[in-house]
Amino acid sequence: MTALKICGIKDANTLVLLQKLSVEYAGLVFAESKRRVTVEQARTLIAEAKTSADAEVLENMNRPFPHLVGVFVNPDVSELDRIVNQVPLDVIQLHGQETPEFCQMAQKRFGKPVWKAIGIGTGSDSIIEKLASYKNSVQAYLFDTHDPKQAGGTGKKFAWENIPDLQRMVAPFQAIIAGGISIENVETLLSKYAPALIDLSSGVETNGEKDAHKITILAERVKQHGTSYECTR
Numbered sequence: 038m039t040a041l042k043i044c045g046i047k048d049a050n051t052l053v054l055l056q057k058l059s060v061e062y063a064g065l066v067f068a069e070s071k072r073r074v075t076v077e078q079a080r081t082l083i084a085e086a087k088t089s090a091d092a093e094v095l096e097n098m099n100r101p102f103p104h105l106v107g108v109f110v111n112p113d114v115s116e117l118d119r120i121v122n123q124v125p126l127d128v129i130q131l132h133g134q135e136t137p138e139f140c141q142m143a144q145k146r147f148g149k150p151v152w153k154a155i156g157i158g159t160g161s162d163s164i165i166e167k168l169a170s171y172k173n174s175v176q177a178y179l180f181d182t183h184d185p186k187q188a189g190g191t192g193k194k195f196a197w198e199n200i201p202d203l204q205r206m207v208a209p210f211q212a213i214i215a216g217g218i219s220i221e222n223v224e225t226l227l228s229k230y231a232p233a234l235i236d237l238s239s240g241v242e243t244n245g246e247k248d249a250h251k252i253t254i255l256a257e258r259v260k261q262h263g264t265s266y267e268c269t270r
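Start counting at 1 in the sequence shown, then tack on 37, and there's your number in this note's numbering.
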């Protein structure tokens, strides 16, 4: 019952591949990153994917277009306005130090689910306190490895043995797991912890670029663990 998100999409071919594989979520990074896309690039690759030769066939095969997740790090309201009003995003993912009030504002202003990333590795007490503060402000929590120099995409995993505690702490909200997931360890993650959704970027890349073979293998392994569902409140 685990859904899949592939983050850091930069080209239409990869987006079409995700649709072919019935991957539920595709992440577009608008923050400073080697995977960053501009508004113009995002609009172009989405349009190209939706008008590709495979698009109509895939829709008829009941393989819907992936939900588009916009990834932001400490944006201001004007940045969100500019991007969300021009790019057809389905979810807003906030990966910085955004406050609960900011998350709630974003959800109300744009009418879209907000996922809040929480860095793991900064101490259990601070995590418990932080989760409680966001309780009424977000629709899902994304747990990623804490890195003081980089917000996500590090390729490092946190202590997965803490996942059950995190899942209990955020219930009935859903816990998204990110950080260090790969085709080599994904089956262990799914079998032991059955997360609602897993989020990969570097784990399906080769030399910094999305690898179609790795994405295909990863998606097939996730499918083997059951039908997925949308990650909403």
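For glycine and all other residues, C-beta sits at the position ideal for the given N, C-alpha and C.
Confirm, please, whether the CB-CB distance from residue j to residue i is below 9 Å.
| i | j | result |
| --- | --- | --- |
| G107 | L65 | yes |
| I235 | L41 | yes |
| C140 | V175 | yes |
| L82 | D48 | yes |
| Q211 | A177 | yes |
| Q56 | F109 | no |
| K193 | G156 | no |
On a CA-only basis, which of the options is nearest residue i? Give me that one, please.
| i | options | result |
| --- | --- | --- |
| D127 | Q204, T182 and H104 | H104 |
| V121 | A212, G148 and K153 | G148 |
| L203 | V76, H262, V151 and F180 | F180 |
| V74 | V60, C44, H262 and S89 | C44 |
DSSP on residue i, reduced to helix/strand/coil?
| i | result |
| --- | --- |
| G148 | coil |
| S265 | Residue placement at S265 is poorly supported in this model, since its pLDDT is 47, which falls under 50; the coordinates are not used for a value here. |
| D48 | coil |
| F210 | coil |
| G240 | helix |
| D181 | strand |
| F139 | helix |
| A196 | coil |
Per DSSP, residue i forms a beta bridge with which residues?
| i | result |
| --- | --- |
| G156 | D181 |
| V106 | G64 and V128 |
| I43 | A63 and L237 |
| A92 | According to DSSP, A92 bridges with nothing at all. |
| E246 | T243 |
The beta strand (DSSP E) that contains residue i, what's its start and end?
| i | result |
| --- | --- |
| L126 | No beta strand (DSSP E) contains L126, which DSSP labels as neither H nor E. |
| Y171 | Y171 -> no beta strand (DSSP E), and no H or E assigned at all. |
Does the ligand GDP have even one heavy atom less than 8 Å from the beta-carbon of residue i?
| i | result |
| --- | --- |
| I83 | This structure does not include the ligand GDP; it has no bound ligands of any sort. |
Identify the continuous alpha helix (DSSP H) that holds residue i and give its terminal residues.
| i | result |
| --- | --- |
| R80 | V76 to K87 |
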